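Residue 26 is where the sequence shown starts when you use our numbering, and the numbers rise one by one after that. C-beta: ideal position from N, C-alpha, C; glycine also. Quick caveat: nothing in here was measured; it's all calculated off a predicted structure.
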Amino acid sequence: MEQGALNALLFFSSTAEDPRQNYGNISSVHWAGRKLRHVLEDARDALARTLGLEDPEGFFFTSGATESINTALKGAYFSAVSAGRKFRLITSSVEHEAVLESARFLESLGARCQILPVSSSGALSLEALERALSETSAGETVLVSLMAANNETGVLFPLAEVAALTRKFGALLHLDAVQLLGKTEGALGLGEFSPHMVSVSSHKIGGSKGVGALWVRRGTPITSLLHGGAQERKRRAGTIYVAGIAAFHAAMEALSGRDVARLRTERDWLESEVRRRVPGVSIQGASEPRIANTSNFLFDGVRGEALLMGLDMAGFAVSGGSACNSGSILPSHVLMAMGLPKDAAASAIRVSLGPSNSREDLLAFVDALEAQVARIRTRTR
Ligand code: PLP
């Protein structure tokens, strides 16, 4: 059974002796609905604690970070436009597609979007951010939307500096914090960056797929995207996915027992072992501060698709750029933004370690990787 669903099942079986007790619709006024409300409140509290944000009521649940991000960006745009203000979005070239596609959509509606460059190691250009922010004029809403950590390279963006700049120029700040949870040591303390909105996803920490949350600071002007019932204080209409939220909560609780330092040690060991045994390898973003579990490898002369297929046959699930509809691999926009040519950007592989991966797993992976890279190089020589 999927881990998230299992978490939800465990949660519900631990909260009621009779499973029919959990039948109600959380928004109903009758007892069966009312008695589930604590599930939401407990999950909001856990989110606020985990992310270090005050005001748990600022969270509402969504179908995932894609929806949270769409709501943050489009909600801010619609609110600005309906107040007769101009709207400008500042974001980076390595954001998740949910941000970049929303930016393209907003541009088609007349919003101005500025996409900041990154360096060849994936670092954000703070000079470019400051330059963009300094253009801010009266009567303009500026939203800066940046990821805390990149999903392909693991590179962390400098949130303290970003926060200082957005504060200085009075811009709104949305953080895509999806890759941060469970992958950095210590408390997240996002509150110290005074964000206006924060997006997170459940399935990235072992919760159910199809659940996420958006945190919105009180008073931040955003328009709801889903209209209908009065759920989530009218911020998002629609029947609430209680089991998924319970699983999200259970996954958050499990994070406190996660040894992130061990994860980082294992990831670093994996990288040094790959460098030692497989010639012609580079690791994208390795010189920057990164989250603990991600490695982005590129092997000279090795097509990513062939390598992914070989590793798949050997039982390892790793990712490439992004899969297009035909199942083949499109060049990664992240790696192209870091200056890699198209061919190379389609050939890198992303390895994400989970807390259950053992040293034996990693050794078996390096054995398979070494064999596959050698096989592909011999064939294409
Ligand atoms: N943002 C980042 C950085 C991600 O890694 C992902 C998912 O991979 C998303 C947003 C979208 O999240 P979801 O799958 O919950 O829609």
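Which residues in the same chain as residue 158 place their Cβ atom closer than 8 Å to its Cβ, once the five residues preceding and following it in sequence are excluded? Same-chain partners within the cutoff: 115, 167, 169, 190, 191, 193, 194 and 196.
Residue ranges of each beta strand (DSSP E) run of no fewer than 3 residues wholly in the segment 135-198, ordered along the chain? Listed in chain order, the beta strand (DSSP E) elements of length 3 or more contained wholly in the segment 135-198 are 137-141 and 165-172.
Expected contact under 8 Å - CB spacing of residue 103 and residue 248 to nearest Å: Taking the Cβ atoms as the reference, residue 103 lies roughly 4 Å from residue 248, within the contact range of under 8 Å.
By Cβ distance below 8 Å, which residues in the same chain neighbour residue 361 in space, the five residues on each side in sequence not counted? Closer than 8 Å at the Cβ level, and outside the excluded window around residue 361, lie 367 and 370.
Between the segment 123-132 and the segment 87-96, can you find at least three pairs of beta-carbon atoms closer than 8 Å? Touching, yes.
Distance check for residue 305 and residue 154, CA to CA, integer angstroms please. Whole-angstrom Cα-Cα distance: 35 Å.
Work out the CA separation of residue 212 and residue 350 for me, nearest whole Å. Interpretation of residue 350 is limited by its pLDDT of 48, a score under 50 that renders its predicted location unreliable; no figure is taken from the coordinates.
Status (buried if at least 16 other CB within 10 Å, exposed otherwise) for residue 392: Taking a 10 Å sphere around the C-beta of residue 392, we find fewer than 16 other C-beta atoms and assign the residue as exposed.
Backbone secondary structure at residue 106 - three-state DSSP: Looking at residue 106 - three-state DSSP - the assignment turns out to be helix.
Does the beta-carbon of residue 201 have 16 or more other beta-carbons within 10 angstroms, so that it is buried, or is it exposed? Around the C-beta of residue 201, 16 or more other C-beta atoms lie within 10 Å, and the residue is accordingly described as buried.
Which residues in the same chain as residue 138 place their Cβ atom closer than 6 Å to its Cβ, once the five residues preceding and following it in sequence are excluded? The answer, listed in chain order, is 114, 128 and 132.
For residue 335, which of helix, strand or coil comes out of DSSP? Taken through DSSP and simplified to helix, strand or coil, residue 335 comes out as helix.
As assigned by DSSP and simplified to three states, the class of residue 87: Of the three classes helix, strand and coil, the one that applies to residue 87 here is strand, per DSSP.
For residue 350, the three-state DSSP class (helix, strand or coil): Only weak support exists for where residue 350 lies, its pLDDT of 48 falling under 50; the coordinates are left without a value.
When you compare only the Cα positions, how much space is there between residue 337 and residue 343? One C-alpha to the other measures close to 8 Å.
Inter-residue CB distance, residue 174 and residue 205 (contact presumed, cutoff 8 Å): At roughly 5 Å, the Cβ-Cβ gap stays under 8 Å, so residue 174 and residue 205 are in contact.
Looking at residue 172 and ligand 1, is the gap between the Cβ and the nearest heavy atom below 6 Å? Yes, the Cβ of residue 172 comes within 6 Å of a heavy atom of ligand 1.
By DSSP, does residue 234 sit in helix, in strand, or in coil? DSSP, read as helix, strand or coil, puts residue 234 in coil.
Please name the residue, chosen from 199, 314, 283 and 147, that lies closest to residue 246 on a Cα-to-Cα basis. Nearest C-alpha to residue 246: 199.
Taking residue 260 as the reference, which of 383, 107, 240 and 270 has the closest Cα? The residue with the shortest Cα to Cα distance from residue 260 is 240.
Closer than 6 Å: residue 116 CB and nearest ligand 1 heavy atom: Look at residue 116: its beta carbon is at least 6 Å from all of the heavy atoms in ligand 1.
Any heavy atom of ligand 1 closer than 6 Å to the Cβ of residue 91? Yes - ligand 1 has a heavy atom lying nearer than 6 Å to the Cβ of residue 91.
Alpha helix (DSSP H) containing residue 277: first to last residue? For residue 277, the enclosing alpha helix (DSSP H) begins and ends at 267-280.
On the three-state DSSP scale, how would you describe residue 209? Annotated three-state conformation of residue 209 is coil, per DSSP.
Does the pairing of the segment 314-332 with the segment 283-303 give three or more beta-carbon distances under 8 Å? The answer is yes - the segment 283-303 touches the segment 314-332, with three or more Cβ pairs under 8 Å.
Buried/exposed call for residue 79, threshold 16 Cβ in 10 Å: By the neighbour-count criterion, in which a residue is buried when 16 or more other Cβ atoms sit within 10 angstroms of its Cβ, residue 79 is exposed.
At a cut-off of 6 Å, would you count residue 377 as near ligand 1, judging by its Cβ distance to the nearest heavy atom? Exclusion of residue 377 from the 6 Å shell around ligand 1 follows from its C-beta lying no nearer than that to any non-hydrogen atom of the ligand.
Whole alpha helix (DSSP H) elements within the segment 291-342, 4-residue minimum: Taking 4 residues as the minimum length, the alpha helix (DSSP H) runs contained wholly in the segment 291-342 are 329-338, in order along the chain.
If distances are taken between C-alpha atoms only, which option among 187, 275 and 161 comes closest to residue 228? Out of 187, 275 and 161, 275 has the C-alpha closest to the C-alpha of residue 228.
My output table needs one value for residue 116: the three-state DSSP class, helix, strand or coil. In the structure shown, residue 116 sits in a strand (DSSP, three-state: E or B).
How long is the line joining the alpha carbons of residue 225 and residue 203, rounded to whole angstroms? So the alpha carbons of these two residues sit roughly 5 Å apart.
Roughly how many whole angstroms lie between the Cα atoms of residue 409 and residue 269? Summary: the structure shown does not reach residue 409, with the chain confined to residues 26 through 406, and so no result is reported for it.
Here's the rule: buried if 16 or more other CB atoms are within 10 angstroms of the residue's CB, otherwise exposed. What is residue 363? Buried: at least 16 other Cβ atoms inside 10 Å.
Per DSSP, what kind of secondary structure is residue 283 in: helix, strand or coil? Residue 283: coil per DSSP, three-state reduction.
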